DNA sequence: CTGAAAGCGCTAACAT
DNA sequence: ATGTTAGCGCTTTCAG
């Protein structure tokens, strides 16, 4: 047995067939009879043949690789849901037999996108955390690089996205607190530049308006999504002016900080001050595990990641017509952190 | 302005040069005079030219892409240092202008490695968490795919690795506890199949033996590296037999669990029972932040990830001769969790 | 049903 | 210093 390169040419030679026949047989081209297909498949198996991805890509114009573009910084934060998104994406690419190219950037995201597009190293990309108005949409459209956004944004042109139903979730959370009689609600939201943060703030306002109620002045705090920020913000709000009757948080991280602040003030979550939040299902950070258990709208950011990749692949393979726009559902789970306002 | 394909051919045509000259000029080949180089560079810039990565790869046999092969499961654990490794790797590939291909697997790691090798989609790979005897080393060597291992293993053939100095770290940690007079030390270690776990256990034994001391029977617990496991294991050891005088932990996660177990038993860390551990510098999980602050050997797993990628790239570009074997240093940081044994 | 031949876009001898 | 000419390993017309 001589160790040949195990490429198409040598396979064809060994089988006494032409390269094209072997190529077709391997890809189960209809014009190839079952018998030949089998024979070729066996020879390929025996030789340990695998097509050279680059050569195939050069010939077909496709790489079966998708890219994930993200700020390097997102891996450096002490708290991040990025891993969960990545886990979902990994599941999807494994299932669909695609490769995943990680494209971190420090500041020049546009450069990275341009490079991915023109070097043809991926068939499409996923981008995350869109701004309220996000220039990447227009860029990717002109680059003609298929893409799916994790989250929505305002854009003139249509684009594909996978997003949590933030509007409804925060409307329901706000309504829940209002139903329980809370009128002084502080909403610890995320940073204002992100579209989902804006959507949540709008939902909060909408729920109040629908009942002819006005939120507290400065009801909404636009801060980062960390335990520390949740803590600091809650401490500040507890120190100044009348005590809020409830806190609404954008993430379990923030809610943890709020719990800590309340404990520090000797206030019992639920009895003294209610807390509710949105729970993305980040590993090891479940609203259910706080004490007392935290009322939350729960989704799975992991499956959002999975859908993100699956939708992109469908788009690339034209299984789905563009744009694919998907809004993921959530459950509102009542636990112990919300109680009637002004109870004993 | 007509929108040409912006490939080498059209560039060459527009410039009135041959493809090869343009190709050379773009890569600053010495035989090309500065004037031409400039002219070409400007035209390329203007046309927005970027080489087609696949075509270049096919011609050169190189992709400027490295792969990271890992069990999908590692992204699903509630506690993992994987993100930190990934952050380091991302920094390195960004700096060296390489691409990073993520290759998750469910069970068939060998299949993934074979595929990466034969499809020629990466120039080399990084593998992690080697077993005591790891079959991947031999496989990768026969596949002739350049690789660097995060961690060491027993192997007949030489291979490149980046590893923490586990032996020395755990020898020093053990010696520290012994110096403080502790004789009943429980070592909450990792799972026995991993080589670094075995190395740590050996260091623990060595430190005892050097003083003619015998560890407790069943001194070493081979369990997973989570807070929960640390908690459960410590609870068990506290319930059965004489109370250990100190706990040594493999990770801050486990140490957190030990802290919780001690609190539950009304024991004060430091005063009643000492605790020491190894701290990989995982984001948001620093030994310094526990209360009381935890004595630990500290390293940066992030920079280990960075070295891992840098060494692989050096190997690929033959900047460094194989094998590159790097053992990373650590600091032993004394904090408040270790006190003299049998003190008031 | 199968084969011959022409690319895909680039690099790298080998000329000149 | 620049051009000519083969490929790299595969897919895909186009003929038979």
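Chains as they are written, first to last, in my numbering: chain A, 1 to 344; chain B, 345 to 688.
Ideal placement from N, C-alpha and C gives every residue a C-beta, glycine not left out.
Here the structure is a predicted model, which means the values were calculated and not measured.
In this structure, the beta-carbon distance from residue 646 of chain B to residue 670 of chain B does not fall below 8 Å. Contact between the stretch 161 to 178 of chain A and the stretch 326 to 336 of chain A is present: 3 or more CB-CB pairs across the two stretches fall below 8 Å.
Rounded to whole angstroms, the separation of the alpha carbons of residue 497 of chain B and residue 354 of chain B is 52 Å. The stretch 465 to 535 of chain B contains, as complete alpha helix (DSSP H) runs of 4+ residues, the segments 479 to 487, 510 to 523 (chain order). Scanning its chain for C-beta atoms nearer than 8 Å, with the 5 sequence neighbours on each side dropped, one finds around residue 430 of chain B the residues 412, 649, in chain order. Contact of residue 647 of chain B with chain A is not assigned, every C-beta pair being separated by 8 Å or more.
For residue 472 of chain B, not one C-beta of chain A is nearer than 8 Å to its own C-beta. For residue 662 of chain B, the number of other beta carbons within 10 angstroms of its own is below 16, and it is reported as exposed. When Cβ-Cβ separations below 8 Å define contact, residue 254 of chain A makes no contact with chain B.
DSSP, reduced to helix, strand and coil, places residue 674 of chain B outside both helices and strands of the structure shown, so it counts as coil. The alpha-carbon of residue 117 of chain A is positioned some 29 Å away from that of residue 8 of chain A.
By the 16-neighbour rule on beta-carbons within 10 angstroms, residue 374 of chain B is exposed. The alpha-carbon of residue 402 of chain B is positioned some 11 Å away from that of residue 463 of chain B. Taking 8 Å as the upper bound for CB-CB distance, residue 535 of chain B and residue 566 of chain B are in contact here, some 6 Å apart. The stretch 203 to 273 of chain A contains, as complete beta strand (DSSP E) runs of 3+ residues, the segments 220 to 222, 246 to 249 (chain order). Contact annotation: in the stretch 89 to 104 of chain A, residues whose CB is within less than 8 Å of a CB in chain B are 90, 91, 93, 94, 99, 100, 101, 102, 103, 104.
When the alpha-carbon of residue 313 of chain A is set against those of A:39, A:55, A:16, A:98, the nearest one is in A:98. The secondary-structure analysis by DSSP pairs residue 413 of chain B across a beta bridge with B:447. Neighbours of residue 420 of chain B in chain A, taken as residues at a C-beta separation under 7 Å, are given in chain order as 87, 283. By the 16-neighbour rule on beta-carbons within 10 angstroms, residue 252 of chain A is buried. When the beta-carbon positions are compared, residue 255 of chain A and residue 275 of chain A come within less than 8 Å of each other. In this structure, residue 588 of chain B lies away from residue 539 of chain B, with their beta-carbon atoms at least 8 Å apart. Excluding sequence positions up to five before and after residue 446 of chain B, its CB lies within less than 6 Å of the CB of 412, all in the same chain and listed in chain order. Within chain A, the residues whose beta carbon sits less than 7 Å from that of residue 396 of chain B are 119, 120, listed in sequence order.
Residue 575 of chain B and residue 465 of chain B have their C-alpha atoms some 44 Å from each other. Residue 523 of chain B counts as exposed, since fewer than 16 other C-beta atoms from the protein chains shown sit within 10 angstroms of its C-beta. Per DSSP, reduced to three states, the secondary structure at residue 366 of chain B is helical. Within chain A, the C-beta atoms nearer than 9 Å to that of residue 392 of chain B come from 114, 118, in chain order. Residue 623 of chain B carries a strand assignment under DSSP once its states are collapsed to helix, strand and coil.
In the displayed model, residue 201 of chain A falls within a helix according to three-state DSSP.
Across the set B:486, B:428, B:398, the C-alpha of B:428 shows the shortest separation from the C-alpha of residue 624 of chain B. Residue 145 of chain A is outside the set of residues whose beta carbon lies under 8 Å from a beta carbon in chain B. DSSP lists A:161 as the beta-bridge partner residues of residue 325 of chain A. Beta bridge pairing from DSSP links residue 82 of chain A with no other residue. Scanning its chain for C-beta atoms nearer than 6 Å, with the 5 sequence neighbours on each side dropped, one finds no residue around residue 500 of chain B. With fewer than 16 other Cβ atoms inside 10 Å of its own Cβ, residue 291 of chain A counts as exposed.
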